[in-house]
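Visitor: Okay, handing you the structure first.
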Amino acid sequence: MPLCYEEIVSHGSLGDPAEGLRRLVLRGSAAATARPGQFLHVRVSDRLEPLLRRPLSIAAIDRAREEVTVLYRVRGRGTEALAQRQPGERLDVLGPLGNGFSLPEKGELWLVAGGIGIFPLYALAQAGLARGLEVRLFWGGESRGFLESAGLGQWSDLRIPLHLSTMDGSLGDKGAVTVPLGGYLKLNQTGPAKESQAARRGRSAEEARAAGSRRSAPGVEATEAEAAGVEALEAEVAGVESAGGKRSAGGCPAGQPPRDLSWAVCGPRGMMQAVAELGVARGFRVEVSLEERMACGVGACLGCCVTVRDERGRRSKRKVCQDGPVFPGREVVWDVTE
Amino acid sequence: MPLCYEEIVSHGSLGDPAEGLRRLVLRGSAAATARPGQFLHVRVSDRLEPLLRRPLSIAAIDRAREEVTVLYRVRGRGTEALAQRQPGERLDVLGPLGNGFSLPEKGELWLVAGGIGIFPLYALAQAGLARGLEVRLFWGGESRGFLESAGLGQWSDLRIPLHLSTMDGSLGDKGAVTVPLGGYLKLNQTGPAKESQAARRGRSAEEARAAGSRRSAPGVEATEAEAAGVEALEAEVAGVESAGGKRSAGGCPAGQPPRDLSWAVCGPRGMMQAVAELGVARGFRVEVSLEERMACGVGACLGCCVTVRDERGRRSKRKVCQDGPVFPGREVVWDVTE
Amino acid sequence: MLPNEKKEAKGAGVELEVCLGGLTLKNPVIAASGTYGFGREYEQYCPVETWGGIAVKGITPEPRAGNPAPRLTETPAGVLNAVGLENPGLEEFLKSYLPRLRNLPTAVIVNISGFSVEDYALLARSLGREAGIAALEVNISCPNVRHGGLQFGTDARSAQEVVAAVRRETDLPVIAKLSPNVTDIRELARAVERGGADIISLINTLLGMSIDVEQRRPVLGNLFGGLSGPAIRPVAVRMVWEVYQAVALPIIGMGGITGWQDAVEFLLAGASAVSIGSGNFVNPRVPLQVLEGLEGYCRRQGFSSVQELTGLAQTELARRTHKGFARG
Amino acid sequence: MLPNEKKEAKGAGVELEVCLGGLTLKNPVIAASGTYGFGREYEQYCPVETWGGIAVKGITPEPRAGNPAPRLTETPAGVLNAVGLENPGLEEFLKSYLPRLRNLPTAVIVNISGFSVEDYALLARSLGREAGIAALEVNISCPNVRHGGLQFGTDARSAQEVVAAVRRETDLPVIAKLSPNVTDIRELARAVERGGADIISLINTLLGMSIDVEQRRPVLGNLFGGLSGPAIRPVAVRMVWEVYQAVALPIIGMGGITGWQDAVEFLLAGASAVSIGSGNFVNPRVPLQVLEGLEGYCRRQGFSSVQELTGLAQTELARRTHKGFARG
Ligand SMILES: Cc1cc2nc3c(=O)[nH]c(=O)nc-3n(C[C@H](O)[C@H](O)[C@H](O)COP(=O)(O)OP(=O)(O)OC[C@H]3O[C@@H](n4cnc5c(N)ncnc54)[C@H](O)[C@@H]3O)c2cc1C
Ligand SMILES: Cc1cc2nc3c(=O)[nH]c(=O)nc-3n(C[C@H](O)[C@H](O)[C@H](O)COP(=O)(O)OP(=O)(O)OC[C@H]3O[C@@H](n4cnc5c(N)ncnc54)[C@H](O)[C@@H]3O)c2cc1C
Ligand SMILES: Cc1cc2nc3c(=O)[nH]c(=O)nc-3n(C[C@H](O)[C@H](O)[C@H](O)COP(=O)(O)O)c2cc1C
Ligand SMILES: Cc1cc2nc3c(=O)[nH]c(=O)nc-3n(C[C@H](O)[C@H](O)[C@H](O)COP(=O)(O)O)c2cc1C
Ligand code: FES
Ligand code: FES
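Residue numbers (UniProt numbering), protein chains in the order written: chain A, 1 to 338; chain B, 1 to 338; chain C, 1 to 328; chain D, 1 to 328.
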């Protein structure tokens, strides 16, 4: 039954309250069928303002306990109202809705997240690991404080390789997630020969770190670039990677990205576009999770439509709520005026 | 400072939760200046629906603890939203607003309430008793359950005479508060001679009880009419009266209502009109507490205006929020189309 | 939980069937065009047979891709949308949608939009031949397309012309859907009555806009959008009241219904049926609650049929005050 | 906490002063007529000097008792009022109110209403002679009186006539306040511009109604009322946008402002100042918050004066899209 009153099992701050992130655990029927990348359409209160439901991704699924977790940032009136709901209350929820990410049968799965775009990826990581896929995370956020609040600890516990960046450089590379992602990709394509040159050109610490970890056991030697101030990163992130144990040291087949590679991307639109273009150009299977304002959530109002193009470039409209929110990266038309 | 964020000290059901009555205790600056009959203009939530503040009377004032009590019935969207506010939260409140009841210097004060019109009268009773006035309550409600939920116990603790009625006859007279009030008045005017006749005409139990209590120590002997099924009333109410101890047994000068008599009336409009007409005709000083929908609460929008007439019958408008909510009964023009 | 089940359970039923000229509906609750897709999207949340009727998304002669995103945003107690009449077009509608619509256990109302009188005539001619359509709703009021649409809806003469063109082409009941973006809604109502409409539905959305202050640009891709939802209900009820006075046609009232009280408000003001649009977004069970509440209301107030409610606030007022139908 | 104090505290200030033709205000935030009495009612909650200006309750030549109760009711995110222009009348206003108004530490705008062109002329002639009035606001749009009022506001010719009559009688800046209950607000704006208005203010309330379903009668004593508050903001912003395109006059925008973001929305759409009406009912501190927010916004976005915001969403859009000022 996809229209349900889920019981609020727990509800509180996620990490540092100043970051305004919240964790909401719901018990009810949604857990039974939920898939990573799907969302719940949540009525935040019984008042008429805010009026519309809010789409919130399913961040974790626990079928045994019949629980799903939703992580969100308090941003505007809807999430403010939601934040006031108390454990024990019942939440009016439609869903799980949408298609969700496709989980590859085999191969490697790279998760690429910008900011709170990380939230829907956790359930996918869990599912991927359960299926025995090689899972790797690229994640960029505002600051170290943000990443830590938004669940870095839990991600570390998954023991997969983490490639981080922050806009203020307080953890990982400085910049968007495209910095570690681009760096890692380039290294894998160009091979070790060009590495020192790249380092000399001042490429990112993460890139350097990735290179470093490929060369030897990670976290042992730092390149010049790394010495600049990424000790913390080394200690934390590379430590995670080496501890991950799922992969041989170095984390990646030398000289080439893995052949059977899928990307799941979620984050701000600009970031997703940049990432999708990177991946699509290289022929990877890229999936992005789009965001649009939604009214109905079920395909009835056409309020959430975006333009897609098929292989022959023909444009048509798709509903983010029903045909998405996950779309093949190559189909998305990023120009919003279309 | 009349615009304040009062802290919610306690907030919960008043009496049987099924009656939908709530008790809200606020700590802050309102208590310092509050007078009986004034109200607070409460912002029930920070959402835009319900949009407007709700006027709620001050039911009790505790200056020492800097607390005021507000009693209300959950009725529509505003009070529903208010009911969700939790102790410890701060409530955005304007007030105390309005004029309040005038507290006579001396003499007797009859409080006449219909339903939840009782709420603002408690603070007045307290103030009246503190001033050494003779205070007497006439109160009609839906049922015994309602009266008990709405604070009968607390009123009993005041040890003043209580004249009760219920629409279903489950406590006191059957009917509106005009039944015990009218009966008591008539007895006081007509004197004992006509009493048995009135009883024979099937006058109300309360009337009879009042007569009885005037004749002798109350609760001792029942007239025929009383025998019909008001034992519970006798036991409770007359018991209260006899225990009140403030007045000589019998409660009222025989044959005439007290000369220096003030009435404070609050309840549904029709009830107030009936009561006011009773009292004004007899030349008592009658004050009624009017209700109108309010927007600003401070006299700026003219949304709450009612028609009054002066001694010469000339009509003009008054603002319930600023010139009221308490008006002399003789000034009120009850016909709403004026 | 369906009203029918309830009726049986409680014995003496309230008659929910309503007749609007040639259109008979098993109950007076209709899904508003554009908010309920092609009838099935919500079926997991609210059984299709709940509805007295479903008005499907507006159809144009040619397929339309609609407006760029964002197409909607929320406003206080309202929804601002600029979908821009995205629809598959007449041909595809007939081929792929209508066959499935015919099987719906409710009256199917096809909402039509055009950019010229000929467009409307073409749609009426073509759809008028098809089985399984209960009525045509002529949308002369969509504010989200740059040309046409709103113009017809705000000019009495064009409105009449469009409705007359549709009227000539079909024997189906013709519902004229009015725009609230006018100085005098009664004038428009009279015009479509002259044009031969059987029923009037109102209101479509109020023209509005919202600006993103951080980006310093309109929120909607189309700049302007149509405002719907509870925010507009007082305007809608007023217009139903006015139109009830102005013309003799039955009225389908809508605008911000999210509960049975709202539906009763429209009926008492003069509507014979109501539509629920944005209310479905808030809660897909609104139609169920409206039907249940309507039945309970009629029972409590002693009405044996919902039809008795139509315009009652007006007739009772006239009786009480002798003010007659004077404009307030 | 006053904006001035804040400005000093923070050093480099944002210029809040705005010039609207002949009317200079120390800041762009005005109390909307009819919601702020005669300026002092709220002074315990919000210092009078906070305001750039205060528009007092609409004055008519003769005293008016207004409409019977109930005069207001709440609707979703809105207020429906039918006060009916209760006011002391011109004579009493001059005698008992104006002297106190002159002492207010803010610009006093007198809102005038009439039932004939002569009424308006009389008011303008008489008030135009008085000191201490910053501007006259011509209310041609009050929907709560049975005759007059709304008619002037919905007919371009009468609107022009009324404004011209006022113009002839006074040298004070003339603000024409427009009704939103029209098909094309631009037409009305052009009419009052022709009539000689210096400034346009909009919007007045939308005509609406609410029905008490249990009593089966309209809630308001007057049946119809004017809808204000956040519910109407999208309509108001759209109309400011349209009027900004249609005429060259400065605009005072209003309708549903309850926070600084809302005020910025109006400025970006084309307003040079804003009015706050119903927002005061919700929270008397709204003007303080709006001023503080406005200043912060300008600082963050790099504007040294609020005047730079006027119409910016339009000019930036035109620059970005080359769509110019095409209607959406
Ligand atoms: C499929 C899907 C899944 C989502 N999952 C999550 C999640 O797991 N965690 C989470 O924190 N958020 C998630 N979001 C986003 C979330 O729904 C919005 O942040 C939320 O609706 C904002 O609501 P609000 O009421 O707090 O803000 P509002 O008051 O509605 O808006 C605040 C600001 O955000 C803008 N805004 C609001 N909604 C959107 C939108 N959908 N797209 C772009 N801008 C918008 C508004 O214009 C405004 O500027 C998801 C969105 C979609 C579509
Ligand atoms: C001076 C004053 C003091 C008050 N003191 C108290 C008090 O101590 N305790 C208490 O419980 N209530 C009190 N009230 C009434 C209280 O303000 C209303 O019951 C409350 O506003 C109803 O709000 P709501 O949001 O729950 O209902 P709403 O959803 O606003 O309305 C529910 C129903 O009540 C009607 N209604 C709402 N407000 C009024 C009104 N003011 N007059 C007549 N009908 C109305 C509506 O039309 C609707 O039918 C007082 C009112 C005034 C004017
Ligand atoms: C997203 C959306 C799309 C709409 N599309 C149409 C349409 O295609 N044709 C039409 O006549 N009305 C359309 N409408 C208007 C509704 O049918 C209805 O008249 C309006 O929304 C008011 O009702 P409501 O407040 O219950 O939503 C649309 C409304 C919305 C919200
Ligand atoms: C109770 C009330 C009384 C009003 N009286 C007047 C008036 O006398 N003259 C006038 O021009 N506008 C009057 N208005 C309209 C307001 O000035 C304003 O245009 C409208 O309310 C929209 O703004 P808001 O949404 O901020 O309230 C009144 C509005 C309200 C709510
Ligand atoms: S939100 Fe309605 S179609 Fe997607
Ligand atoms: S509520 Fe505004 S004047 Fe009384």
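Backbone N, C-alpha and C define an ideal beta-carbon position, used for all residues, glycine too.
To the nearest angstrom, how far is it from the Cα of B/R209 to the Cα of B/R63?
Guide: Residue confidence is low: B/R209 scores 44 on pLDDT, short of 50, so the model does not pin down where it sits. Its coordinate-derived value is still stated next. Each residue's alpha carbon lies about 37 Å from the other.
Visitor: Among D/L23, D/E17, D/R168, D/N87, whose alpha-carbon lies nearest the alpha-carbon of D/T50?
Guide: Checked all of D/L23, D/E17, D/R168, D/N87; the closest Cα to D/T50 is D/E17.
Visitor: For A/D46, count the other beta carbons within 10 Å of its own beta carbon; 16 or more makes it buried, fewer makes it exposed. Which is it?
Guide: Exposed, because fewer than 16 other Cβ atoms sit within 10 Å of the Cβ of A/D46.
Visitor: If A/V93 sits next to A/V42, beta carbons under 8 Å apart, how far is it from one beta carbon to the other, in whole angstroms?
Guide: Between A/V42 and A/V93 the Cβ distance is about 5 Å, and since that is below 8 Å, they are a contact.
Visitor: Work out the CA separation of C/E74 and C/E92 for me, nearest whole Å.
Guide: For C/E92 and C/E74, the distance between alpha carbons rounds to 32 Å.
Visitor: Mapping DSSP to helix, strand and coil, what is D/A77?
Guide: Three-state DSSP puts D/A77 in coil, outside helix and strand.
Visitor: In the DSSP assignment, what are the bridge partners of C/M209?
Guide: Its beta-bridge partners are C/F224.
Visitor: Could you tell me the alpha carbon to alpha carbon distance between D/M239 and C/L227, rounded to whole angstroms?
Guide: Their Cα atoms are separated by approximately 13 Å.
Visitor: Could you compute how far the alpha carbon of C/L104 sits from the alpha carbon of C/V48?
Guide: Roughly 7 Å between the two C-alpha positions.
Visitor: Using three-state DSSP, classify D/M254 as helix, strand or coil.
Guide: Reduced to three states, the DSSP call for D/M254 is strand.
Visitor: Between B/A127 and the rest of its own chain, which residues show a CB-CB distance below 6 Å, the 5 nearest in sequence each way excluded?
Guide: Hits under 6 Å: P36, L103.
Visitor: Confirm the yes/no value for this check: CB of C/L80, any heavy atom of ligand 2, distance under 8 Å.
Guide: No, ligand 2 has no heavy atom inside 8 Å of this Cβ.
Visitor: What span of residues does the alpha helix (DSSP H) with D/R233 cover, start to end?
Guide: That run of the alpha helix (DSSP H) goes 233-246.
Visitor: Can you have a look at B/G299 and say buried or exposed, based on whether 16 or more other CB atoms are within 10 angstroms of its CB?
Guide: Burial call: buried.
Visitor: Would DSSP call A/V177 helix, strand or coil?
Guide: In this structure, A/V177 counts as coil in the three-state DSSP scheme.
Visitor: Do three or more CB pairs link the region 136-153 of chain A to the region 287-294 of chain A at distances below 8 Å?
Guide: The answer is no - the region 287-294 of chain A does not touch the region 136-153 of chain A, with fewer than three Cβ pairs under 8 Å.
Visitor: Spell out whether any CB of chain B is found under 9 Å from the CB atom of C/G324.
Guide: Reliability fails at C/G324, whose pLDDT of 44 lies under 50, so the model's placement of it is uncertain and no value is given.
Visitor: Strictly below 8 Å CB to CB, what residues from chain A border D/P76?
Guide: Under the 8 Å cutoff, chain A gives L48, E49.
Visitor: C/C298 by DSSP, collapsed to three states: which one?
Guide: If DSSP states are grouped into helix, strand and coil, C/C298 belongs with the helices.
Visitor: Which residues bound the beta strand (DSSP E) around B/L94?
Guide: 90-97 is the span of the beta strand (DSSP E), which, as asked, contains B/L94.
Visitor: Quick one: Cα of D/G293 to Cα of D/W260, how far?
Guide: Their Cα atoms are separated by approximately 5 Å.
Visitor: Looking only at its chain, what residues have a beta carbon closer than 6 Å to the beta carbon of B/C304, apart from the 5 residues adjacent to it on each side?
Guide: Counting only Cβ-Cβ distances below 6 Å, and skipping sequence neighbours, we find E292, M294, K319, V320, C321.
Visitor: Could you name the residues of the same chain whose beta carbon sits closer than 8 Å to that of A/L14, not counting the 5 residues immediately before and after it, in chain order?
Guide: Around A/L14: L21, R22, R23, L71, S149, A150, G151.
Visitor: Assuming C/E130 contacts C/L90 (C-beta within less than 8 Å), just tell me the rounded distance between them.
Guide: C/E130 to C/L90, Cβ: 11 Å. No contact.
Visitor: From C/R319 to C/R71, what distance separates their C-alpha atoms?
Guide: One C-alpha to the other measures close to 47 Å.
Visitor: Okay, do the region 102-118 of chain D and the region 324-332 of chain B touch, 3+ Cβ pairs below 8 Å being the bar?
Guide: Result no; under three Cβ-Cβ pairs closer than 8 Å.
Visitor: Check whether the Cβ of D/V264 sits closer than 8 Å to any heavy atom of ligand 4, and report yes or no.
Guide: Answer for D/V264: no, Cβ out of range of ligand 4.
Visitor: Among C/A82, C/I199, C/R40, C/R194, which one has its Cα closest to the Cα of C/T24?
Guide: Of C/A82, C/I199, C/R40, C/R194, the residue nearest in Cα terms is C/I199.
Visitor: From C/G296, C/G53, C/I175, pick the residue whose C-alpha is nearest to that of C/E29; which is it?
Guide: Reading the sequence as shown, one finds Val at residue 29 of chain C and not Glu. When only C-alpha atoms are compared, the closest one is C/G53.
Visitor: One question on the structure: do C/G37 and A/C266 come within less than 9 Å of each other, judged by their Cβ atoms?
Guide: Against a cut-off of 9 Å, the Cβ pair of A/C266 and C/G37 comes out as no contact.
Visitor: Report the residue ranges of all alpha helix (DSSP H) runs contained in full by the region 125-168 of chain A; include only those spanning at least 4 residues, in chain order.
Guide: Fully enclosed alpha helix (DSSP H) runs of 4 or longer: 144-149, 152-157.
Visitor: Is any beta-carbon of chain A found at less than 9 Å from that of C/L72?
Guide: So yes, C/L72 belongs to the interface.
Visitor: If we count the other Cβ atoms within 10 Å of its Cβ and call it buried at 16 or more, is A/E89 buried or exposed?
Guide: So A/E89 counts as exposed.
Visitor: What did DSSP end up calling D/W260 once you bin it into helix, strand or coil?
Guide: Helix at D/W260.
Visitor: Please work out which residues of its chain come closer than 7 Å, Cβ to Cβ, to B/A123, disregarding the five sequence neighbours upstream and downstream, and give them in chain order.
Guide: Counting only Cβ-Cβ distances below 7 Å, and skipping sequence neighbours, we find P36, I58, A59, A60, I61.
Visitor: Please list, in chain order, all residues of the same chain as D/I252 whose beta carbon is under 8 Å from its beta carbon, the five residues on each side excluded.
Guide: Closer than 8 Å at the Cβ level, and outside the excluded window around D/I252, lie L20, I30, I175, I199, I200, S201, L202, A271, S272, A273, V274, S275.
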